[in-house]
Amino acid sequence: MISPTGLPQALDSIVAVATEAMAVDPRQFWGIPLALIGAALLAFGAQYQSRGLNKVERLTGESAHAGLSIRHMLKLLKRPSWVVGTVLLGLAVVFQIGSLSLSPITIVQPIGVVGLIITSVLNSRISGVKLGKRVTASIALAVVSIAVFVFVAATNVADQVVTDSKLIAILITFAVVLVAALVMFVLYRHRGVALIYIVGAGVLYGFVATFAKVVISRLQQGDFEWLTWTCVAALAAGGLLGMLFVQNAYSSGPPDLVVAGLTVIDPMVAVLIGILILGEAADAPLWVAIAFAVTGATAMIGVIGISRFHPQSGQSVLDHTGKLPVVTPDDGA
């Protein structure tokens, strides 16, 4: 209870907090609705792409569990569901870029975690597979962890000018990650380890989101030169390799597991780049770093839990049925 003598100090504190809140430019939150739409498009796009891959497995009689073949890829281009899913994912990217042009990356990028909830419900109902308590708890842990992670980041970081030296540091870091991702892809291509593909895609898309934000910022600053064009090329390379990782992840895991990795790992990578390289949290207290470490670790535990306990993890469509279904080429999507 506040004593009469302490009332003025309490009122001063309330006024100070209100003043600080009003000082925040409300325009930086305009990207939130776009990010929410993008998250929904991501969820539906993932579901349709996974459905298209499942149908191709039935048609070819070949499981893509050990990696997509050229035959699989050619068949995918002819499946309406996969094409629709690809279009939806493309629209999700457009809305994401729109949100990044309006709001800081630490605010809008992690909103994609909404897609995890939507995808989990969709996949459970469409596949008829009921999610157990451990999977549900893992999803909740991932969502809550990333929500806390984002809240701490959004309230303790600030946009910084992207200098050439910072841009070079991001490009060098990405080059190392790109080489590591290629090596992992070669080593695990035929092993069907969903978590490898998912983590790889999440990290790559984290850099893609960062490059998108950087390119937009440099364009807004009128500073669009060869270094920025290099970022555009890196964005394209990361996006293409990330897409390849995602397609292979669909072949060895359910869509909600794939979306879990993207919506948890992607924003954490993007925010960490902003903190460690761009210096967005240079003035943040020590407890912020501790909060980042704890919530980041628990979010990853949630993703690993989904991978471990999900009833569809590590199974292709052919594994689900135990035999090859008879499907004609013009059957369904």
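The opening position of the sequence shown corresponds to residue 4 in our numbering, with each subsequent residue numbered one higher.
Note that CB positions come from ideal geometry on N, CA and C, so glycine has one too.
Whole-number beta carbon distance between residue j and residue i, since they are thought to touch under 8 Å
i: residue 141; j: residue 259; result: With a Cβ gap of about 11 Å, residue 141 and residue 259 do not count as contacting.
i: residue 291; j: residue 155; result: 6 Å
i: residue 278; j: residue 284; result: 4 Å
i: residue 305; j: residue 144; result: 4 Å
C-alpha distance - residue i paired with residue j, whole-angstrom precision
i: residue 221; j: residue 132; result: 46 Å
i: residue 137; j: residue 302; result: 15 Å
i: residue 112; j: residue 235; result: 19 Å
i: residue 227; j: residue 300; result: 37 Å
i: residue 166; j: residue 79; result: 42 Å
i: residue 225; j: residue 34; result: 21 Å
i: residue 38; j: residue 114; result: 6 Å
i: residue 86; j: residue 246; result: 14 Å
i: residue 319; j: residue 201; result: Because residue 319 sits at a pLDDT of 43, beneath the cut-off of 50, its placement in the model cannot be relied upon, and the point is left open.
i: residue 233; j: residue 215; result: 12 Å
i: residue 293; j: residue 152; result: 11 Å
i: residue 164; j: residue 217; result: 10 Å
i: residue 177; j: residue 187; result: 15 Å
i: residue 264; j: residue 205; result: 6 Å
i: residue 179; j: residue 229; result: 20 Å
i: residue 130; j: residue 282; result: 44 Å
i: residue 95; j: residue 296; result: 29 Å
i: residue 248; j: residue 125; result: 22 Å
i: residue 25; j: residue 106; result: Any reading at residue 25 is ruled out, since the residue's pLDDT is 40, under 50, leaving its predicted position unreliable.
i: residue 49; j: residue 257; result: 10 Å
i: residue 99; j: residue 231; result: 19 Å
i: residue 298; j: residue 199; result: 21 Å
CB of residue i within 8 Å of CB of residue j, strictly
i: residue 262; j: residue 253; result: no
i: residue 172; j: residue 203; result: no
i: residue 174; j: residue 237; result: yes
i: residue 207; j: residue 244; result: yes
i: residue 46; j: residue 149; result: no
i: residue 77; j: residue 51; result: no
i: residue 104; j: residue 219; result: yes
i: residue 159; j: residue 287; result: yes
i: residue 42; j: residue 135; result: no
i: residue 108; j: residue 212; result: yes
i: residue 40; j: residue 169; result: no
i: residue 116; j: residue 97; result: no
Residue i, buried or exposed, once every other Cβ within 10 Å from all chains shown has been counted against 16
i: residue 93; result: exposed
i: residue 53; result: buried
i: residue 101; result: buried
i: residue 270; result: buried
i: residue 83; result: exposed
i: residue 56; result: buried
i: residue 309; result: buried
i: residue 250; result: buried
i: residue 190; result: exposed
i: residue 311; result: exposed
i: residue 223; result: exposed
i: residue 182; result: exposed
i: residue 58; result: buried
i: residue 88; result: buried
CB contact check: residue i to chain B, cutoff 8 Å
i: residue 164; result: In the structure shown, chain B cannot be found, because there is only a single protein chain.
Any non-hydrogen atom of the ligand NAP closer than 7 Å to residue i Cβ
i: residue 258; result: Ligands are entirely absent from the displayed structure, and the ligand NAP is therefore not among its contents.
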